[in-house]
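To start, the structure under review is shown below, and the notes come after it.
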Amino acid sequence: MRQMPADTSVVPYDIAVIGGGINGCGIARDASGRGWSVFLAEKGDLASATSSASTKLIHGGLRYLEYYEFRLVREALMERETLWRIAPHIIWPLRFVLPHHKGLRPAWLLRLGLFMYDHLGGRKLLPATRTVHLRHDPSGAPLKSDYTLGFEYSDCWVEDSRLVVLNAKDAAGRGAVIAPHTCCLNGVREDGLWVLTLRDELTGDITTVRARTLVNAAGPWVADVLNSALHKNTSAAVRLVKGSHIVVPKLYDHDRCYIFQNPDRRIFFAIPYEQDFTLIGTTDLDFDGDPSQVSASEDEIAYLCKAANDYFNVPVTQESVVWTYSGVRPLYDDGASEAQAATRDYVLKLDAPMDSPALLSIYGGKITTSRRLAEAALAMIEPHLPPAKRKAGWTGEEPLPGGNFPVNGFDDQVRAIALRYPFLPMSLARRLVRAYGTLAHTLLGDATSMADLGKMFGAGLSEAEVKYLVRHEWATTAADIVWRRTKLGLRLSKAEIADLDTYLQTNRSSMLAKN
Ligand SMILES: Cc1cc2nc3c(=O)[nH]c(=O)nc-3n(C[C@H](O)[C@H](O)[C@H](O)COP(=O)(O)OP(=O)(O)OC[C@H]3O[C@@H](n4cnc5c(N)ncnc54)[C@H](O)[C@@H]3O)c2cc1C
Numbered sequence: 014m015r016q017m018p019a020d021t022s023v024v025p026y027d028i029a030v031i032g033g034g035i036n037g038c039g040i041a042r043d044a045s046g047r048g049w050s051v052f053l054a055e056k057g058d059l060a061s062a063t064s065s066a067s068t069k070l071i072h073g074g075l076r077y078l079e080y081y082e083f084r085l086v087r088e089a090l091m092e093r094e095t096l097w098r099i100a101p102h103i104i105w106p107l108r109f110v111l112p113h114h115k116g117l118r119p120a121w122l123l124r125l126g127l128f129m130y131d132h133l134g135g136r137k138l139l140p141a142t143r144t145v146h147l148r149h150d151p152s153g154a155p156l157k158s159d160y161t162l163g164f165e166y167s168d169c170w171v172e173d174s175r176l177v178v179l180n181a182k183d184a185a186g187r188g189a190v191i192a193p194h195t196c197c198l199n200g201v202r203e204d205g206l207w208v209l210t211l212r213d214e215l216t217g218d219i220t221t222v223r224a225r226t227l228v229n230a231a232g233p234w235v236a237d238v239l240n241s242a243l244h245k246n247t248s249a250a251v252r253l254v255k256g257s258h259i260v261v262p263k264l265y266d267h268d269r270c271y272i273f274q275n276p277d278r279r280i281f282f283a284i285p286y287e288q289d290f291t292l293i294g295t296t297d298l299d300f301d302g303d304p305s306q307v308s309a310s311e312d313e314i315a316y317l318c319k320a321a322n323d324y325f326n327v328p329v330t331q332e333s334v335v336w337t338y339s340g341v342r343p344l345y346d347d348g349a350s351e352a353q354a355a356t357r358d359y360v361l362k363l364d365a366p367m368d369s370p371a372l373l374s375i376y377g378g379k380i381t382t383s384r385r386l387a388e389a390a391l392a393m394i395e396p397h398l399p400p401a402k403r404k405a406g407w408t409g410e411e412p413l414p415g416g417n418f419p420v421n422g423f424d425d426q427v428r429a430i431a432l433r434y435p436f437l438p439m440s441l442a443r444r445l446v447r448a449y450g451t452l453a454h455t456l457l458g459d460a461t462s463m464a465d466l467g468k469m470f471g472a473g474l475s476e477a478e479v480k481y482l483v484r485h486e487w488a489t490t491a492a493d494i495v496w497r498r499t500k501l502g503l504r505l506s507k508a509e510i511a512d513l514d515t516y517l518q519t520n521r522s523s524m525l526a527k528n
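For the sequence shown, our numbering begins at 14 and goes up steadily by one.
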C-alpha cells in the first residue's frame, strides 16, 4: 500500500500534514472523514518515532493531578472509554495496583487522588478504585513484605503503533493520501497556497504538493521543521524529554499492573507485556540530541532496575533485560524546572497572517488525548478551509478498522476465528484478533490449513500476514513488521528477522503490484 502524491498543481489538497505519528494520523483521519482532502508526509515508517515508544497507556495520568492539570486529566479520563469503544481489539482495560510506600505520599493523599480520578472523567464501564490488602491479595505476592496496603484503579492499555496505523488506514479509506518514507524538505507560501517539496526516501525522487493549509505534526522535529523546512526562524517553545523502558521476562503471573512511587518522587510502571514479559518504565530526562538516535543509556537501565528492586522479590538485573526502547516527548516548554513537571498538555500555535495560507504547529500531547487534539486542531484551521461535510465528534463514534465489535466482544471474535479457521493454534488466533480485530478474516481469507498461509517466518508470522501488512498497512521493512505492526521482534531470532528483510526486498514490489 504505497500511494504517491498526486499532481496537485491544479487542485490543491485542503490540508497537508507533516508527520505520521499519532497526532498527524489522528488529524488526517478526522479531516478526511469531514470531507477535506488530505495529504500526509511521514519521513520514515508510520509511528517510527515517539508514537511507538510510549508506555502504551490510555490514562488520565494520576500524577498530573499533583501539577493541577485538571483539564488534561479530565479530558484524558473521558477519552479512555471512547477510545476503548472504537478500538476494542487494540485497547483494553487494565487494573493498576498502587502500593502505599511508607515515607512517601501518605495513604490518605493517594486515596483522595484516586477519588478524584474516579469521579472527574465520566467513567461508565471501567470499575472504580478499591483498597487492596497486599498480605492477602495475589497482587501482594510478588512484592516485598514491607508493602501491606495498596489501592487498585482502572486505566487502559493501547497498542500505540497500531493505533497510529489504524488512524492512517481509516484516513486512507476516506480518501486521504498517506505517504510514508516521504520527507518534507521545504515549504513556502506561494499564490495563496502552501507548496511543499518532498523527497521519497526509498527512491530519492522529488515531488511537489500544494495545499490550502499546513499542519506541522513533526513531534520532536516540530522546531526543526519550522526553522529548516519552513524558514520561520522562531525560537520554538519545545522541550524534548527522553523516556526509556526496559522489558524483562515476566516477573509475576497475574494480569494487573503496578504503579510504583520512587524516592525521587517520580512514579514508574511495571506492566504485563506480550504474555511472557514485564515492561518497566519510564525515565524523564531532558534531551538535546538527535531524536532519531535515541536509546536507553546504561544509567537509565540501572535506574529502572534499582527502582523495580525496591518493590519486587525477584531481582531485576541489567542482565535480565531482553529489550529496551526509548522515545522523546515533544513537550511544550512551560518553563518548568524539572523534566517530569513539564506540562503533558497539548498546545496548538496558528500562524495565519492576513490572506496567507494557515500553518498550525503542534506541541506536546498524549496518545490518550490525540483524538481530542485532532478536533481542536481542525477547529483552528476550519476558517481557512472550504465548508466541512460533517460535524466534529464523529471520530469518537465510528470504529477504527477491525474494531467493529462490542467492548466485551473480544473472546467472541477469537471464537469466531477459531471456528472458521480450526487449524490455527489458539495463541495465534488470539494474537491475530488482538492485532487486526475483525480484519483478521480478511488477512486469513480462504485458508483451510497452515500451509495455505504460505512461508512461516517464525513465532507464528506467516507470509499471509506479511502480505496483508505490506498491502494494507504500508509495511516496508522487517523492522516495520516485527517492532511496530507486531511485537514479534521479542520472539524472532536475528537470523529470522534478516530472512524476513530479504524476503521483503525480493517480493515487496510484486506484492504491491498484485494488490
Ligand atoms: C517515554 C514516553 C512514554 C509515553 N507514554 C505515554 C502513555 O503511556 N500514554 C500516552 O497517552 N502518551 C504517552 N506518551 C506521549 C506520546 O507518546 C506522545 O505525545 C505522542 O506519541 C506524540 O506523537 P506525535 O505524533 O506528536 O509525534 P511522533 O510520533 O514523534 O510523530 C512525528 C513524526 O513526524 C515525522 N517527521 C518529522 N519531520 C518530518 C519531515 N520533515 N517530513 C516528514 N515527516 C517528518 C517523524 O518521522 C515522526 O514519525 C509517552 C511519550 C514518551 C516519550
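Where a beta carbon is used, it is the ideal one built from N, C-alpha and C, also for glycine.
Bear in mind that the values here come from a model prediction, so they are computed numbers and not experimental data.
Which same chain residues, not among the five before or five after residue i, have their C-beta less than 6 Å away from its C-beta?
i, result
"GLY409", "THR95"
"TYR265", "PRO155"
"ILE529", "Nothing about residue 529 can be read from this structure; the chain reaches only from 14 to 528."
"VAL178", "LEU59 and GLU486"
Using only the alpha-carbon positions, how far apart do residue i and residue j sit?
i, j, result
"VAL238", "GLY57", "15 Å"
"TYR316", "ASP323", "11 Å"
"MET91", "HIS132", "10 Å"
"ALA100", "LEU505", "27 Å"
"ASP346", "PHE300", "13 Å"
"LEU452", "ARG187", "17 Å"
"VAL334", "ALA472", "20 Å"
"PRO399", "VAL329", "57 Å"
"ARG521", "THR515", "10 Å"
"ARG87", "GLY73", "7 Å"
"VAL260", "ALA491", "20 Å"
"LEU456", "TYR481", "6 Å"
"PRO119", "ALA242", "50 Å"
"THR221", "ASP43", "24 Å"
"LYS245", "ARG136", "43 Å"
"MET439", "ALA431", "7 Å"
"LYS500", "GLU287", "8 Å"
"GLY153", "HIS146", "8 Å"
"ASN275", "ALA320", "7 Å"
"PRO140", "LEU386", "26 Å"
"SER475", "TRP207", "43 Å"
Determine whether the beta carbon atoms of residue i and residue j lie at a separation below 8 Å.
i, j, result
"PRO112", "LEU78", "no"
"ARG497", "ALA60", "yes"
"ALA464", "TYR434", "no"
"LEU176", "ILE31", "no"
"PHE530", "LEU503", "The structure shown has nothing for residue 530, since the chain only spans 14 to 528."
"ASP150", "ARG93", "no"
"CYS318", "GLN331", "yes"
"GLU55", "GLY39", "no"
"ARG484", "LEU85", "no"
"ALA66", "GLY340", "yes"
"ILE293", "ILE71", "no"
"TRP97", "VAL427", "no"
"TYR166", "PHE109", "yes"
"THR161", "ARG148", "yes"
Closer than 7 Å to a non-hydrogen atom of ligand 1 - does that hold for the CB of residue i?
i, result
"TRP97", "no"
"LYS362", "no"
"SER308", "no"
"SER161", "Checking the sequence, you will find Thr at residue 161 rather than Ser. No; taking the cut-off as 7 Å, the Cβ of THR161 has no heavy atom of ligand 1 nearer than that."
"THR381", "yes"
"GLU55", "yes"
"CYS318", "no"
"GLY134", "no"
"SER67", "yes"
"PRO233", "yes"
"THR295", "yes"
"LEU457", "no"
"PRO343", "yes"
"ASN180", "no"
"GLY409", "no"
Give me the Cβ distance between residue i and residue j, rounded to the nearest whole Å; I'm assuming they're in contact under 8 Å.
i, j, result
"ALA181", "ALA283", "Incorrect: roughly 31 Å between the Cβ atoms, too far for contact."
"VAL171", "ILE103", "6 Å"
"TYR48", "ALA401", "In the sequence as presented, Tyr is not what sits at residue 48; that position holds Gly. Correct: roughly 6 Å between the Cβ atoms."
Less than 8 Å between C-beta atoms, sequence neighbours within five positions excluded: which residues of the same chain meet that for residue i?
i, result
"HIS397", "ARG225, THR226, ALA365, PRO370 and ALA371"
"THR247", "ALA236, LEU239 and ASN240"
Just to confirm my understanding: we take residue i, look at its own chain, exclude 5 residues before and 5 after, and list those with CB closer than 7 Å. What are they?
i, result
"LEU493", "Looking at the sequence provided, one finds Asp at residue 493 rather than Leu. Result list for ASP493: ASP58, in chain order."
"ASP297", "VAL254, GLY256, ARG279, ALA352 and GLN353"
"LEU123", "LEU111, HIS113 and PHE164"
"ASP512", "PHE470"
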